[in-house]
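**Q**
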Amino acid sequence: MSDGAEAFARGILRERLRLATAQLASSTPYSDDLVVQDVEHRPGAHRLFQDYRGDLSGRYLGAVAVAHRERLPVDLDKAHRILDRVIAAQNPDGSFGSPALPALARDHGAAWGHGRLLDGLLSSVSWVSAERADRLGDAIDRLAGHAVASAAGWVDWLSREPSRKFLLDPLSLVRPLARFAGLRGDDRAMDAARRLVEAAPAIVDRLHLHGHLLFLRGRLEVAVARDDCQEVDAVRGQADEVAARFLLPSGSALESLSTPWDINTEGCGTADWVMLCLELAEATGLHRFRERAWLAGLNGLAHAQQASGHFGCETLVGDGPLLALDYAPEAWWCCTFHGIEALGALSRSLARVDATGGLVVNQPLDAVVESAEGDVLLEVAGGYPFGDRVELRAGAALPQGSGLRLRIPESVTVSFSTGRLEAGWLILDALEPHSVVVVEVSPALWFDVAGTASTPPFGNTTSGAPELGETRVTLFLGQLAYAANAHENDAEDLVRARTLVLDPSHPVLQRGDAPGEYAVRVAGRNEFGTTVRLAPLVTSELARNARMTRLGFAGIVAEHSGAHA
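Residue numbers for the sequence shown follow my numbering, so the first one is 7 and each next one is one higher.
1. Could you tell me which uninterrupted alpha helix (DSSP H) segments, each at least 4 residues in length, are contained entirely in the region 261-345, listed from first to last along the chain?
2. Determine the DSSP secondary structure at E473, reduced to helix, strand or coil.
3. From the DSSP output, which residues share a beta bridge with E385?
4. Run through DSSP, which three-state label would H214 get?
5. What's the call for D193, buried or exposed, on a 16-neighbour Cβ count within 10 Å?
6. Give me the residue from D233, R190, P327 with the minimum Cα distance to G257.
7. Which residue comes first and which comes last in the alpha helix (DSSP H) that contains I414?
8. Could you tell me the alpha carbon to alpha carbon distance between V444 and S423, rounded to whole angstroms?
9. Assuming V382 and A403 form a contact by the criterion Cβ under 8 Å, report the distance between their Cβ atoms to the nearest whole angstrom.
10. So which of R112, D38, D99 has the shortest CA-CA distance to D81?
11. Looking at the ligand FAD, does it come within less than 7 Å of D394, judged from the CB to the closest heavy atom?
12. With R122 and G60 assumed to form a contact (beta carbons below 8 Å), what rounded beta-carbon distance in angstroms separates them?
13. In terms of residues, what are the limits of the alpha helix (DSSP H) holding R194?
14. Would T555 be called buried (16 or more neighbouring beta carbons within 10 Å of its own) or exposed?
15. If we count Cβ pairs, one from each stretch, closer than 8 Å, do we get three or more for the region 297-314 versus the region 524-537?
16. Would you kindly check if the distance between the Cβ of E261 and the Cβ of L329 is under 8 Å?
17. Exposed or buried, what is D125 when buried is set at 16 or more other beta-carbons lying within 10 Å of its beta-carbon?
18. Kindly indicate which residue of A351, R212, Q43, A73 has the alpha-carbon position closest to the one of L173.
19. Just how far apart, CA to CA, sit A26 and L282?
20. Alpha carbon to alpha carbon, what distance is there between A69 and W339?
21. How far does the alpha helix (DSSP H) with V241 in it extend, from its first residue to its last?
22. State whether the region 275-292 contacts the region 510-527, with contact taken as three or more CB pairs (one from each stretch) at a distance under 8 Å.
23. Just curious, the alpha helix (DSSP H) that Y66 is in, first and last residue?
24. So is A208 buried or exposed if we call it buried at 16+ other beta carbons inside 10 Å?
25. Is A250 buried or exposed, if buried means 16 or more other CB atoms sit within 10 Å of its CB?
26. So, under 8 Å CB-CB, D162 and G115 are touching, yes? Tell me the CB distance rounded to an integer number of Å.
27. For G535, which residues does DSSP report across the bridge?
28. Which two residues bound the contiguous beta strand (DSSP E) that contains S130?
29. Between the alpha carbons of D278 and L219, how many angstroms are there, rounded?
30. For T480, which residues does DSSP report across the bridge?
31. What do you get for L427, buried or exposed, if any count of 16 or more other CB atoms within 10 angstroms of its CB means buried?
32. I need the straight-line Cα distance from R77 to L23, nearest angstrom please.
33. What would DSSP say about F559, mapped onto helix, strand or coil?
34. With DSSP collapsed to three states, give me the class of I18.
35. So for I433, helix, strand or coil by DSSP?
36. Measure the CB-CB distance between L548 and L451 and report whether it falls below 8 Å.
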C-alpha cells in the first residue's frame, strides 16, 4: 500500500472547514490592504493593527495552506497578491515593520508577529507558484536569520522581565525556527530555538495560555527533532497540568493561566490545545492525548465557531460555568485562522498507513483515505458522533487482504459482526476491496467532576447528602458534552440552575421531546427548582449556538423517591 496515503475529513468536520476557509476570499474583513497592514510600514497612515508585526498576515498565509491541502476552494490569486506585498515589505535586516526602532528596544509584540509570519511563510511553500518560489525562499531565509540573530537578546530579556500576561511573546519564534531548521538543516536555527526553550519561565501562572500552548508545541518540535525523550516527557507533564488547571470540561482553553485575570476562553488557545494533544499523541503514543484532542475538537473548539465560519471566544459568567457570547464571538484577526489550522490538523490525523502497510483509523468520523495517486482506499461514513453507526467501506484501490485498525473512543461501546477488540482497537485482519464493515456505536454516560471522569455512583445508597459534593460537574454522552442552552430553556432558569438533582432510583436522564434531548431536574437558591432540557453543546447545526449556555453545574444532589428513601 502507498505510504503517501492521506486522510481528508468529510461530513460535519469538512463543513466546518469549508465555512471557515470560505472567509479567506472575503474582502470583509480580509481585504488585501488589511491583511498586510501589520507588515507594511507607512508613516502617518492609520492602521487597525499597530503592533504584532506579521501576526495577521502570517496566520492568513498559514490558513491558505490548510485550505489548499484540504482541496477546498481558495483564492490563490488573492493569496499570491498578499504574499507579494508581504515579501516586498521586508526590511534589509530580514525583519518587518518600522525600521526606525532602536536596536535596544525590545518589542515583544514584534517578536510574536515575526514568529507567526515565519510559520505562515514556511506553510506557503506548499501552495506558492513556481515563479515566486525563489523569492519566498529568500524571504524565509532572511526572516529566520533575523530571528536567530535576535534570539540571544530575547533570552536575556526573558531572564529580567517580571511575570505578565504577554511575557511569552518571544517564544512564538521557537516552533517556526525548529521547522526552518528541519527544512534547511540549519543548526544555528535549531540552537536558537533550544536556547529560547531553556529561557522559558518555570512558573506560568498569569501568562497568556495561547502563548504558553504555542510555546509547548515549539518545545515539543525541538525535542522530537533532537530525539530528546526527557524533553518530550517534560512537555507531556506541562500538558497534563494544563488539562488539570486551565481548561473547561469542553476542552475550551482559558485566555489566561489564572482567573479572574480574564473572564473568557480564547479560540486560539483551544485550537493550540487540540494541535498540541495531536502532536503529543504522535510523539508519545499515549492515546489519552488523542482523546483530549477530539473532546476539545468536538466540543470546545466547535462551540467557538459561529455560523459564519469565524472562530472566537466564550465569556465565563458566574459558576458552573455559564457561557455567554458577548466577548469577541468572531475574533477574525486571530481565532479564525488558528481554528482553521486546528480543523486541518484534526482532518490530517483521522487516518494513516502504519509500518506494516495496514490502515489505521484514529477516530470514527466521516472521512476518505486516498493513496498518493488519489485512489480511494477507504471511506468512513455514518455521521458519528451524531449517528449511532460507523461504516467502513473499502475502496477498489485497497490492496487485497489489507489489515485495518479502528480506534474506539473510550467513552463509547461498540458491536460488530467481524473483527475483534484489542486494547481499544477494532482489528480487522483482512479487508477486501468493495467490502463494508458496520460498527454499531452506543455512547456511555459519564460526568466530568472537577476535571476527573466519573460514572454515576448513584445506586445502592440511602444517603441524602450530595453524591459528588459541591464541585463543578458536566454531563457527557460519549464524546459529546451536554448542556442547557437558551434555545430550549428560559435564560433566567439557566442563571438560577446551579445544582443537578438526580433520583438514584430512576435513570439519570429522562428522554426529552426531540432526538438527542434529555430533561433533568435542577435546583438553586431560595428553594428554586425546575426542569431544564439538555442537548449536545454542539450539534451538526452550525447556526445553533445560543447566546447563553450552562455547560456545567455546581454539584449533584440526590433526592430519593424509591422504597429506601
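Don't be surprised by glycine CBs; every beta carbon is placed ideally from N, CA and C.
**A** With the structure as the only source:
1. Taken in chain order, the whole alpha helix (DSSP H) runs of length 4 or more contained in the region 261-345 are 273-290, 293-302.
2. Low per-residue confidence applies at E473: pLDDT is 49, beneath 50, and the placement is therefore not dependable, though the value from the model is reported in the following sentence. E473 carries a coil assignment under DSSP once its states are collapsed to helix, strand and coil.
3. Beta-bridge partners of E385 (DSSP): V374, R399.
4. Here H214 sits in strand by DSSP.
5. D193 should be labelled exposed.
6. The candidate whose alpha carbon is nearest that of G257 is P327.
7. Per DSSP, I414 is not a residue of any alpha helix (DSSP H), being assigned neither H nor E.
8. Taking the straight line joining both Cα atoms gives about 7 Å.
9. Their Cβ separation, rounded to whole angstroms, is 6 Å, which keeps V382 and A403 in contact under 8 Å.
10. With distances taken between Cα atoms, D81 lies closest to D38.
11. Within the structure as shown, the ligand FAD is missing, as the structure has no ligands at all.
12. Contact annotation, R122 with G60: C-beta distance approximately 6 Å; criterion of less than 8 Å satisfied.
13. Per DSSP, R194 belongs to the alpha helix (DSSP H) from 193-205.
14. By the neighbour-count criterion, in which a residue is buried when 16 or more other Cβ atoms sit within 10 angstroms of its Cβ, T555 is buried.
15. With the cut-off at 8 Å, the region 297-314 and the region 524-537 do not touch.
16. Result no, Cβ atoms of L329 and E261 do not sit closer than 8 Å.
17. D125 should be labelled buried.
18. Nearest C-alpha to L173 among A351, R212, Q43, A73: R212.
19. Between A26 and L282, the C-alpha separation is close to 21 Å.
20. Cα to Cα, the separation comes out at about 12 Å.
21. Going by DSSP, V241 is part of the alpha helix (DSSP H) stretching over 235-251.
22. In this structure the region 275-292 does not touch the region 510-527; the number of beta carbon pairs closer than 8 Å is below three.
23. Run containing Y66: 61-75, per the alpha helix (DSSP H) assignment.
24. A208 is exposed by the Cβ-count criterion.
25. Residue burial is scored here from C-beta neighbours: A250 has fewer than 16 other C-beta atoms within 10 angstroms and is therefore classed as exposed.
26. D162 to G115, Cβ: 18 Å. No contact.
27. According to DSSP, which records beta bridges pairwise, G535 is partnered with A529.
28. Not the beta strand (DSSP E): S130 falls in the alpha helix (DSSP H), residues 114-130.
29. One C-alpha to the other measures close to 6 Å.
30. Bridge partners of T480: D454.
31. The residue in question, L427, is exposed, as its Cβ has fewer than 16 Cβ neighbours within 10 Å.
32. If you take the alpha carbons of R77 and L23, they lie about 11 Å apart.
33. Correct three-state label for F559: strand.
34. Correct three-state label for I18: helix.
35. Collapsing the DSSP output to three states places I433 in a strand.
36. No, the Cβ-Cβ distance between L548 and L451 is not below 8 Å.
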